[in-house]
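Numbering (our numbering), first residue to last: 75 to 182. These notes concern the structure reproduced below.
Set out below in structure tokens:
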């Protein structure tokens, strides 16, 4: 099965369990904007270590860091929106994707 590498720009986490994201105030749904990467991870479709939220601008759920810990468990690294200017596109793309892409074919 092919696995996805993801560079998620202008990002919110979108790695939340569907039950943790009420949709439009109507309670949790089976699929919502915040659950797509969670579902991909659950189905084994993502390649851990090759997933990046770039330009992250989001709030955390709850009162602690559990949202980031859950994101880590799903294999994502995070680059804050304010950090993107400092490291630039080269710093975002190459260190994270070169080693993951080396043994694989890339189709565009």
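Backbone N, C-alpha and C define an ideal beta-carbon position, used for all residues, glycine too.
For residue 128, the uninterrupted beta strand (DSSP E) run begins and ends at 120 to 130, by DSSP. Residue 137 sits exposed, since fewer than 16 C-beta atoms from the chains shown fall within 10 Å of its C-beta. With contacts defined as CB atoms closer than 8 Å, residue 159 and residue 152 fail to qualify as a contacting pair. In the structure shown, residue 94 falls within a helical segment according to DSSP collapsed to helix, strand and coil. Taking a C-beta distance under 8 Å as the contact criterion, residue 120 and residue 80 qualify as a contact pair. DSSP places residue 134 outside any alpha helix (DSSP H), giving it a letter other than H or E.
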